[in-house]
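Numbering (the numbering used here), first residue to last: 7 to 89. Reading through the structure tokens given below for one structure.
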Amino acid sequence: MEFCMLRFEDAPKKPANLSLNAEVLAMARELGMNVSKTVDALLTEEVKRQYWARWQLQNQDAIASYNARIEQEGLPLDAFRSF
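Encoded structure:
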């Protein structure tokens with residue numbers, strides 16, 4: 007799946023069957039937690055984390071090459087910096 011931007015706020019909701027630890031689920035309900043909302047938020051963050059980790063791994067050669075070039079040549083507009 008290819009993501010242009012990792013924005014999921016307006017995406018429609020879809021029912022899903024999950025197997026959760028029974029004791030954790032009972033405690034969450036006892037605490038009045040919205041389990042669906044909590045799982046959705048945590049899953050969203052994990053998807054973003056794994057997406058960017060994979061992106062970084064897939065692009066590590068380009069990143070290293072760019073960093074080496076900047077190290078060797080400096081920043082392109084460095085002469086115009088006032089700080």
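Ideal placement from N, C-alpha and C gives every residue a C-beta, glycine not left out. Just so it is clear, the structure is predicted and the values come from calculations on it, not from any experiment.
Comparing alpha carbon positions, the residue from P18, Q62, I76, V41 closest to L24 is V41. DSSP, reduced to helix, strand and coil, places K19 outside both helices and strands of the structure shown, so it counts as coil. Spatial neighbours of E79 in its own chain (CB-CB distance under 6 Å, excluding positions within 5 residues in sequence) are not present. Note on geometry: alpha-carbon atoms of K19 and A85 lie some 51 Å from one another. Pairing L12 with Y57 gives a Cβ-Cβ distance under 8 Å.
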